[in-house]
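Numbering (the UniProt record's numbering), first residue to last: 1 to 287.
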């Protein structure tokens, strides 16, 4: 190998090593400055090769409904489909189908049991077969212990090859003590994700901005300013309506796109004659 090839290889390996150590939060600000519609067909096709395992309940079902609506409207752009997988199950014996978000509706057995179900499925094989694994609590889980969630995610990440996508807890339109607890949970997840270079799908922040970008907040009894769900995204104060489902689904595609785009400069390095190295994921630090 000549000097230039050795130099190019060293540079590429440096980029690859650093690319998985950058935090990325997909929130309202990120979605507003990253236009999914501006991607080319190659990027949409790359997303269409991803596999996901998603454990959830009713709001998660709303999110998947939005994914299905997008896919039905334009399957060339929105290529992900949502096949069902049973709660607690191992991956399909024949392997995962590219372009699939495996829908694991584990219901509402309590927040601790929800974490256990997710952990069980990761250990049953999803952690090494799916590209991405994600668990989402419900707005009824306001009493959840965030330290349990963060410890579980951190431990599993060190054992399995999948990218672990962190999430915030959905909000309601209320402004009482239950929403206070949800906001405290979310603030802890955000702080941890930023400090420890995690990939975060900030569902709550997206819910808290209206269609014009105005953040919906209230002042809690202790003077803290907290987020609340915008009434335009819901018909019952908690679940997502049609508009809310599409909004969150489009943001989910922003998460998928952020992980599907090759690192800038890769083609230049490969032009030195280095073959067989493929960049499959990246994380960017948001401004």
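The beta carbon of each residue, even a glycine, is placed where N, CA and C say it ideally should be.
This one's a predicted model, so the numbers in the text were calculated from it and none came from an experiment.
**Prompt:** Any idea which residues DSSP pairs residue 100 with across the strands?
**Reply:** 51 and 81
**Message:** Relative to the C-alpha of residue 32, which candidate in 218, 80, 205 and 188 has its C-alpha closest?
**Reply:** 205
**Request:** Apply the 10 Å Cβ neighbour rule to residue 179 and answer buried if 16 or more other Cβ atoms are within range, or exposed otherwise.
**Result:** buried
**Item:** Simplified DSSP state of residue 105, which is helix, strand or coil
**Value:** strand
**Prompt:** Cα separation between residue 122 and residue 146?
**Reply:** 19 Å
**Asked** Going by C-alpha distance, which of 24, 36 and 23 is nearest residue 251?
**Response** 36
**Request:** Could you check how far apart the C-beta atoms of residue 101 and residue 54 are, in whole angstroms? I think they sit under 8 Å.
**Result:** 6 Å
**Request:** Pair every Cβ in the segment 82–100 with every Cβ in the segment 39–54, then say whether three or more of these pairs are closer than 8 Å.
**Result:** yes
**Prompt:** With DSSP run on the structure shown, which of helix, strand or coil describes residue 212?
**Reply:** coil
**Request:** Keeping to the same chain, check which residues put their C-beta closer than 7 Å to that of residue 183; ignore five residues upstream and five downstream.
**Result:** 226 and 227
**Message:** Can you tell me whether residue 219 is buried or exposed? The criterion is at least 16 other CB atoms within 10 Å of its CB, across all chains shown.
**Reply:** exposed
**Item:** Bounding residues of the beta strand (DSSP E) (the contiguous stretch that carries residue 25)
**Value:** 24–26
**Request:** Let me know if residue 195 comes out buried or exposed under the rule of 16 or more other beta-carbons within 10 Å of its beta-carbon.
**Result:** exposed
**Prompt:** Leaving out the 5 sequence neighbours to the left and right, which residues in its chain are closer than 6 Å to residue 215 when beta-carbon positions are compared?
**Reply:** 208 and 209
**Message:** Restricting to Cα atoms, I'd like to know which of 224, 131 and 213 is closest to residue 353.
**Reply:** As displayed, the chain neither begins before 1 nor continues past 287, which places residue 353 out of reach and without an answer.
**Message:** For a quick check, are the C-beta atoms of residue 166 and residue 201 less than 8 Å apart?
**Reply:** yes
**Prompt:** Since residue 141 and residue 111 are thought to touch, with beta carbons under 8 Å apart, how far apart are those beta carbons, to the nearest angstrom?
**Reply:** 4 Å
**Request:** Pull up the DSSP beta-bridge partners for residue 218, would you.
**Result:** 226
**Item:** Residue of 76, 66 and 28 minimising C-alpha distance to residue 249
**Value:** 66
**Message:** With H, G and I counted as helix, E and B as strand and the rest as coil, what does DSSP make of residue 239?
**Reply:** coil
**Where residue 22 falls, given that 16 or more other Cβ within 10 Å makes a residue buried** = exposed
**Request:** For my contact list, residue 88 and residue 117 are in at a C-beta cut-off of 8 Å; report their separation, rounded to the angstrom.
**Result:** 6 Å
**Message:** Measuring only the C-alpha atoms, how far is residue 254 from residue 222?
**Reply:** 35 Å
**Prompt:** Do the CB positions of residue 71 and residue 84 come within less than 8 Å of each other?
**Reply:** no
**Item:** Candidates 38, 212 and 133: closest to residue 77 by CA position
**Value:** 38
**Request:** Give me whichever residues DSSP pairs with residue 135 in a beta bridge.
**Result:** 55
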